[in-house]
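J.: To start, I am sharing the structure in question, which I have written as structure tokens.
In structure tokens:
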């Protein structure tokens, strides 16, 4: 192991892998003559410890991908702070972007679009190592072969190009590329959604195995609650830019407290014990450009009352250990 | 074929012709759909389920060709119909809903005109009558304030609303068969339930049979009467929906269910590594003469590699293509 190259690694052991505090990402949007603010992420606070997997669920448009991009340092943040392995992201991106890249890497949804078709697998994997200052050819080669073995691919794959591989194998290459510089945090944005159903299990098992072997933290973004349940230690549910419920996976699935989480879980059809009718919420998610007053979920909520429609955005109510929910029903009682 | 059968697909084979070579994409596909039934066709991408749908709608285009078998719709052989007759049938008696509502609606026409077109073409209505019917159709698919909405263009609607418009167009002429090709895949799970329920309710009221094509086992199990599981161009197992996922018989169906991170599984069994189906789905050009699943199957023997197993009847009901179903 090249100690010089990975010097940030040991220093960060005392910090959470990810610490997001009151993060806001707002975009100015022009609508005809009016200017509006699109509040994609609106006051999000989450943290992930090393070796932990946090599942982030929510519908499309709820801001989960914007949150991921902000954590990667790819979009400017409006307010709040993000620290990855103790290092402030906004600061790091300006001062030393490479150190940010060493701390956090990402695996994207579509493995067909996230590999350069003209690079061999060896080039794709060696690129990050060279960029981060590794020069010894033998060492680079050794690490490429080692990483390929870790993601379950043969060494001869290194000389081939992405088009020769199937979707599942390409996703393995993407994971290898992300992990080869040993980040503290891996952000996975829907890593199995684009894969065949019979391949998904392979990638899910691989991610969990690598998480335990390497001790990395995992931010698992998915709309598939089955995948999230299987992988996560803790789960955060996001709705229209805010976290509405957060807790240990067991609590979220056995005792979901927010009506949105309850509806989300109830809307998943199960192949073995199919329910006769699904409980479901009404209508679609409102646009983040025109969030409803009060609790953002109130137009679709089956149990909304006056405080939800007229009052403020509900604060978090702590329930069990590490379980907190933003709902007026819980904070104001019945 | 009984009078109750609306669609009968018999030994249908489709091949991809490339550079003078033919690659079988779908082989010996047989199934039938009864009137008013909801029939599910499940499989992974590339297994040929969408090709099958396109063929039934008469929309298969070069370089794909039907190489054998026949499709009878309401007693008529679809392959023998002229283009003109097929156009009369399609949209009128056989309708289709596609996965991506944005690409299947015309962005330059208002949705009122797109729905009204159905009545003008198939029922010879005037423009004015068609417009009134369009409002009525939109009302049936529960689009709020339909009188105003008919002047909207597709880009002004959300994904769920667009799919409702697609349903209104598909069901405008009370078709006998609706082919729904992954109708909810592009939508959020929370909207999926509403859209599926809408399709089922409207079809039930009209007596329309539904051919539901999906990769979502949970969805298919919940809404279908019978289910056919496809792999690499053939139906490997065809059973009643209530049985196939509870007691799967084909090694592929068994593997698929075991590998699925089902909601609630971890609560019941704890976190065990998921079962994996080894290997990958074979490419069209790499399929051998035997069972398509043999390269990934743990039970495969020599005969599986050499010969495609025939569809045999199971003891209860249903059919299976496997030498080793216990």
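Protein chains in written order, with full-length UniProt numbering: chain A, 1 to 334; chain B, 1 to 326.
Where a beta carbon is used, it is the ideal one built from N, C-alpha and C, also for glycine.
Predicted model, so just to flag it, every value in this text is computed and none were measured.
Please classify residue 260(A): is it buried, with 16 or more other beta-carbons within 10 angstroms of its beta-carbon, or exposed?
T.: Flag for residue 260(A) reads buried.
J.: For a contact defined as C-beta to C-beta under 8 Å, what are the partners of residue 51(A) on chain B?
T.: Residues of chain B passing the Cβ test: none, with the nearest at roughly 14 Å.
J.: Which residue spans inside the stretch 221–282 of chain A form an unbroken beta strand (DSSP E) run of at least 3?
T.: Listed in chain order, they are 234–239 and 242–248.
J.: Which residues in the same chain as residue 142(A) place their Cβ atom closer than 8 Å to its Cβ, once the five residues preceding and following it in sequence are excluded?
T.: Excluding positions up to five away in sequence, the list is empty.
J.: Which residues, taken in chain order from the stretch 205–232 of chain A, show a beta carbon closer than 7 Å to some beta carbon of chain B?
T.: Taking 7 Å as the Cβ-Cβ cut-off against chain B, the residues of the stretch 205–232 of chain A that qualify are 205, 223, 225, 226, 227, 229 and 230.
J.: Per DSSP, which residues does residue 23(B) bridge with? Please list them.
T.: Looking at the DSSP assignment, residue 23(B) forms a beta bridge with 16(B).
J.: Let's see if you can read the secondary structure: which residues bound the alpha helix (DSSP H) around residue 360(A)?
T.: Residue 360(A) lies beyond the residue range present for chain A, which begins at 1 and ends at 334; the question has no answer from this structure.
J.: Have a look at residue 12(A) and residue 185(A) and give me their C-alpha separation to the nearest angstrom.
T.: Model confidence at residue 12(A) stands at a pLDDT of 47, short of 50, so the residue's coordinates are unreliable; what they give is reported in the following sentence. Going by the C-alpha atoms only, they are around 12 Å apart.
J.: Looking at the structure shown, is residue 32(A) part of a helix, part of a strand, or coil, going by DSSP?
T.: Residue 32(A): coil per DSSP, three-state reduction.
J.: Assuming residue 114(A) and residue 174(A) make a contact with CB atoms under 8 Å, what is their CB distance in whole Å?
T.: Yes, residue 114(A) and residue 174(A) are in contact; Cβ-Cβ is about 6 Å, under 8 Å.
J.: Does DSSP put residue 237(B) in a helix, in a strand, or in coil?
T.: Strand.
J.: Could you round the C-beta distance between residue 67(B) and residue 34(B) to whole angstroms and report it? I think they count as a contact, below 8 Å.
T.: No, residue 67(B) and residue 34(B) are not in contact; Cβ-Cβ is about 27 Å, not under 8 Å.
J.: How big is the Cα-Cα spacing for residue 119(B) and residue 172(B)?
T.: Looking at the two C-alpha atoms, the distance is approximately 7 Å.
J.: Mind checking which residues open and close the beta strand (DSSP E) that includes residue 304(B)?
T.: Taken as a continuous stretch (DSSP letters only), residue 304(B) belongs to no beta strand (DSSP E), being part of the alpha helix (DSSP H) at 302–306.
J.: Residues in the same chain with beta-carbon distance under 6 Å from residue 251(B), minus the five sequence neighbours each way, listed in chain order, please.
T.: For residue 251(B), where only same-chain residues beyond five positions count, the Cβ hits under 6 Å are 297 and 299.
J.: Counting C-beta neighbours from all protein chains within 10 Å, is the total for residue 297(A) 16 or more, i.e. buried, or is it exposed?
T.: It counts as buried.
J.: With which residues is residue 318(A) paired in a DSSP beta bridge?
T.: Its beta-bridge partners are 324(A).
J.: In the stretch 36–70 of chain B, which residues sit with their C-beta less than 7 Å from some C-beta in chain A, listed in chain order?
T.: Correct list: 44 and 45.
J.: Going by alpha carbons, who is nearest to residue 218(A) out of 38(A), 46(A) and 240(A)?
T.: Nearest of 38(A), 46(A) and 240(A) to residue 218(A), Cα basis: 46(A).
J.: Please check if any C-beta of chain B sits within less than 8 Å of the C-beta of residue 59(A).
T.: Yes, contact with chain B.
J.: On the CB-based measure, 16 or more other CB atoms within 10 Å of its CB, does residue 64(A) come out buried or exposed?
T.: It is buried - the Cβ of residue 64(A) has at least 16 other Cβ atoms within 10 Å.
J.: From the DSSP output, read off the bridge partner residues of residue 203(B).
T.: Beta-bridge pairing links residue 203(B) to no other residue.
J.: Taking 8 Å as the cut-off, decide whether the C-beta atoms of residue 30(B) and residue 62(B) are in contact.
T.: No.
J.: Extract the residue ranges of the beta strand (DSSP E) inside the stretch 77–156 of chain A, only unbroken runs of 3 or more that lie entirely within it.
T.: For the stretch 77–156 of chain A, whole beta strand (DSSP E) runs of length 3 or above, ordered along the chain, are 79–84 and 104–107.
J.: What residues in the stretch 189–208 of chain B have a beta carbon less than 9 Å from any beta carbon of chain A?
T.: Residues passing the 9 Å Cβ filter: 189, 190, 191, 192, 193, 194, 196 and 197.
J.: DSSP beta-bridge partners for residue 312(B)?
T.: Residue 312(B) pairs with 320(B).
J.: Which residues, in chain order, does the stretch 222–250 of chain B contribute to contact with chain A at a C-beta distance below 7 Å?
T.: Correct list: 222, 245 and 246.
J.: Please state the DSSP three-state secondary structure of residue 325(B).
T.: Residue state, collapsed to three classes: coil.
J.: Distance, Cα to Cα, residue 116(A) vs residue 89(A)?
T.: Cα to Cα, the separation comes out at about 27 Å.
J.: Taking the alpha carbon of residue 308(B) as the point to measure from, which residue in 197(B), 215(B), 234(B) and 229(B) has its own alpha carbon closest?
T.: With distances taken between Cα atoms, residue 308(B) lies closest to 234(B).
J.: Between the C-alpha atoms of residue 15(B) and residue 3(B), what's the straight-line distance to the nearest angstrom?
T.: Roughly 31 Å between the two C-alpha positions.
J.: From which residue to which residue does the beta strand (DSSP E) around residue 230(B) run?
T.: From DSSP, the beta strand (DSSP E) with residue 230(B) extends over 226–231.
J.: Which residue comes first and which comes last in the beta strand (DSSP E) that contains residue 214(B)?
T.: Its beta strand (DSSP E) spans residues 209–214.
J.: Less than 7 Å between C-beta atoms, sequence neighbours within five positions excluded: which residues of the same chain meet that for residue 328(B)?
T.: Residue 328(B) is absent from the model: chain B starts at 1 and stops at 326.
J.: Do residue 183(B) and residue 156(B) have their beta-carbon atoms positioned less than 8 Å apart in this structure?
T.: No, the pair does not count as a contact, with Cβ atoms beyond the cut-off.
J.: Determine the contact status of residue 55(A) and residue 193(A), defining contact as a CB-CB distance below 8 Å.
T.: Against a cut-off of 8 Å, the Cβ pair of residue 193(A) and residue 55(A) comes out as no contact.
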